[in-house]
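Novice: Residue numbers (full-length UniProt numbering): 1 to 419.
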Ligand SMILES: Nc1nc2c(c(=O)[nH]1)N[C@H]1C(S)=C(S)[C@@H](COP(=O)(O)O)O[C@H]1N2
Ligand SMILES: [Mo]
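#1: Which parts of the region 228–302 are runs of the beta strand (DSSP E), unbroken and 3 residues or longer, counting only runs that do not cross its ends?
#2: Can you check DSSP and say which residues form a bridge with residue 226?
#3: Output the residues surrounding ligand 2, defined as those with a CB atom closer than 7 Å to any ligand heavy atom, in chain order.
#4: Would you grab the beta carbon distance between residue 157 and residue 408 for me? Rounded to a whole angstrom, and I think it's under 8 Å.
#5: Does ligand 1 have a heavy atom nearer than 7 Å to the CB of residue 206?
#6: Would you call residue 393 buried or exposed, if buried means 16 or more other Cβ atoms sit within 10 Å of its Cβ?
#7: Could you tell me whether any non-hydrogen atom of ligand 1 is closer than 7 Å to the CB of residue 335?
#8: Classify residue 465: buried if its beta carbon has 16 or more other beta carbons within 10 angstroms, exposed otherwise.
#9: Rounded to whole angstroms, what is the Cα-Cα separation between residue 355 and residue 37?
#10: Sorted by chain position, which residues of the same chain lie with C-beta nearer than 6 Å to residue 172's C-beta, five sequence neighbours on each side aside?
#11: Looking at C-beta atoms only, is the number of pairs between the region 78–92 and the region 231–241 that lie closer than 8 Å three or more?
#12: Hey, how far is the Cα of residue 281 from the Cα of residue 263?
#13: For residue 408, which of helix, strand or coil comes out of DSSP?
#14: How many whole angstroms separate the CB atoms of residue 290 and residue 300, which I take to be in contact at a CB cut-off of 8 Å?
#15: In the DSSP assignment, find the unbroken beta strand (DSSP E) run with residue 72 in it and report its ends.
#16: Given residue 106, which residues of its chain have a CB within under 6 Å of its CB, disregarding the five upstream and five downstream residues?
#17: Can you tell me which of the three DSSP states residue 173 falls into?
#18: Please find out if some non-hydrogen atom of ligand 1 comes closer than 7 Å to the beta-carbon of residue 148.
#19: Evaluate the contact criterion for the region 340–359 versus the region 381–389: three or more CB pairs, one atom per stretch, below 8 Å.
#20: Do residue 330 and residue 311 count as a contact pair if the criterion is CB distance below 8 Å?
#21: Going by CA-CA distance only, name the one from 337, 314, 397, 360 that's closest to residue 415.
#22: So does the region 245–260 actually touch the region 162–169, counting three or more Cβ pairs closer than 8 Å?
#23: Can you determine whether any heavy atom of ligand 1 sits closer than 7 Å to the C-beta of residue 221, and answer yes or no?
#24: Around the C-beta of residue 417, are 16 or more other C-beta atoms found within 10 angstroms, so that it is buried, or is it exposed?
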């Protein structure tokens, strides 16, 4: 991607080399178990089928605290996908009641008064440092609008549009939400804790349960961040859209890592290791790299930025009346650069016209857009939306296959019916 700053690209190349030569340290897991994970990642497992969710008034999921009404969410395993149609009457920000939930296990309910954050490790110049919730709230705060999007968002289209097998949660396009986050800069906390010039990686870890996958205990959810990103624009957030973080979204404190893959945004953070040597965890080795015929056996470099996508705020198979004017609405976003323009097709991709952008495009956020449509003929129709970002990238017709179905960026075909 052209817009990735050199520091990130250099980091990725470096880590990848260190990993292949066995020079980076496995944090909290056996090197052998990591190797098993990498081997498994090069083979596509079948998609996790969505749990059957019969239409009932209130849908809920063990492990998720908030209600998940079927008009707002589709349940997929331990996760809840936002129905894009439910965003039509929302503004730029996604209300917490309809923000997608991605849980490896389940939401822990933590008491902010007994919670603390411990910063420790060989990358500090001194002893570990603890921060209570109160101490964090007393530090200078910053506010920023950012999306959180799962790296596997759009994964199911590898199968339905490209006929390719991929493993993981079968998301359509609703594993994304945008919120206004308030918190403290991770950089401020790391400096107060005494981060040294020799620090290279920062490893935040969640307080949710350990993750067991195919009989291997992967430990608690954790993923190293390069120091350059950690000291740049990362937040330790305690508020979402002006309210304290809700339990499902990481209360009392989570990371917000703007424009990066969702997994970087560790929820329920309890400790942060600052390391003088490179760190590996399952979430930057077997998971969250690209595997498959086009990639090296150890996978691509760990994923960092999200890609470019567009979605209509419509249910699958929505109906439209012929010869009437309709306002199509949707959103586009990119982790690479602000969105520059969006085009819409209502004839299956034959002709395209510009959509009208309703927001000033900003890095790390999405833009809402609209397009008018007067369907001419009764019958099935296919709507498409295609975004271009300021790095000059346009959504392609297809995405190169990877076994775990990450970073799907191709134009999605949205079937509707004209009556
Ligand atoms: N501690 C912890 N942090 C986590 C996760 C998790 O399961 N545990 N899931 C990650 C993934 S894969 C994603 S996509 C985002 C989802 O954030 P959300 O549930 O607030 O939408 O959180 C990330 N942070
Ligand atoms: Mo994710």
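We treat Cβ as the ideally placed atom computed from N, Cα and C, and that holds for glycine.
Specialist: Let's see:
#1: 235–240, 254–256, 269–275
#2: 201
#3: 102, 150, 151, 152, 175, 261, 262, 263
#4: 6 Å
#5: yes
#6: buried
#7: no
#8: Any property of residue 465 remains undetermined from this structure, which presents the chain solely from 1 to 419.
#9: 43 Å
#10: 156
#11: no
#12: 12 Å
#13: coil
#14: 4 Å
#15: Premise fails: residue 72 is in no beta strand (DSSP E) and is neither H nor E.
#16: 63
#17: coil
#18: yes
#19: yes
#20: yes
#21: 314
#22: no
#23: yes
#24: exposed
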